[in-house]
Every structure is written in C-alpha cells, then in structure tokens.
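A quick write-up on the structure given underneath.
In the working numbering, the protein residues as written are 26 to 136.
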C-alpha cells in the first residue's frame, strides 16, 4: 500500500496506464472494435484524472486522516482498473481456450 502522496500517484498511474496500454494493444489487433475500446480508454483517462485530483486534495487533510484517504483511493483505483480491464476482455476475450491448453498439455508443451 502506498504510504505517501508520491507513491500513491505512481500507483494510480501504473494501474490506470495498464488499462490504457491494454486498450491500445487491442486497437492495433482488433480495429473493428475501436468504438468500444476507445470508450474504455477514454474512461480510464478520465478516472486517472479524477483520482489524481483526489490525491492532491489530500494535502488539505490533517495528517491523522491522510493514510486512510490514501488507502481508500488505492482500493478504488484497484477496483476501477480491474473493472475496466474486464470490460476490455469482454470486448475481445483472450485467444486461449480450454482445448488449446489441453492440447498443449498432451503434447508436452508448458501450459
């Protein structure tokens, strides 16, 4: 868990930039889904901005409430990033199927 403002800013950036990066990778390989993917990327960018504003607002809090504020933001960003990644996965699920995993196991390839 981030314990100061700078660590939290970095964590927020990392979690939401991961969503944005995954979205751009999907766009490259699946341009037919560009409207849906762009929507998720836009939402991740907006969430990034909202959460960074909240991080900065913590400067106005007393030090006794600061760690609780940081923990709350961290949990919310974690949930948001997972939800956005799940939406990207619904747009285009991974190409791994149970049959491909089974055939890899039976052929001696690592799963």
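Where is the CB? At the ideal position from N, CA and C, for every residue including glycine.
Given the structure is predicted, the values throughout are model-derived calculations rather than measurements.
Candidates 78, 85, 51 and 34: closest to residue 112 by CA position: In the chain shown, residue 112 corresponds to position 87, counting from 1. The shortest C-alpha separation from residue 112 is found at 51.
Output yes or no for whether 9 angstroms exceeds the beta carbon distance between residue 63 and residue 83. On the chain shown, residue 63 is found 38 positions in, with the first residue counted as 1. On the chain shown, residue 83 is found 58 positions in, with the first residue counted as 1. Taking 9 angstroms as the Cβ cut-off, residue 63 and residue 83 do not qualify as a contacting pair.
Assuming residue 117 and residue 58 are in contact, meaning their beta carbons sit under 8 angstroms apart, how far apart are those beta carbons, in whole angstroms? Walking along the chain shown from the start, residue 117 turns up at place 92. Walking along the chain shown from the start, residue 58 turns up at place 33. The distance from the Cβ of residue 117 to that of residue 58 is about 6 angstroms, consistent with a contact at the 8 angstroms cut-off.
Please name the residue, chosen from 110, 76, 67 and 90, that lies closest to residue 100 on a Cα-to-Cα basis. In the chain shown, residue 100 corresponds to position 75, counting from 1. Ranking 110, 76, 67 and 90 by Cα distance to residue 100 puts 76 first.
Which whole-angstrom value is the C-beta distance of residue 79 and residue 66, which I expect to be below 8 angstroms? The residue you call residue 79 lines up with position 54 of the chain shown. The residue you call residue 66 lines up with position 41 of the chain shown. Not a contact, Cβ separation roughly 21 angstroms.
So residue 102 and residue 40 are in contact, right, with Cβ under 8 angstroms, and what is the actual spacing, rounded? As a position in the chain shown, residue 102 is number 77, starting the count at 1. As a position in the chain shown, residue 40 is number 15, starting the count at 1. Rounded, the Cβ-Cβ distance is 5 angstroms, consistent with contact.
Delimiting residues of the alpha helix (DSSP H) encompassing residue 84: Residue numbering aside, residue 84 sits at position 59 when the chain shown is read from its first letter. No alpha helix (DSSP H) holds residue 84; DSSP gives it neither H nor E.
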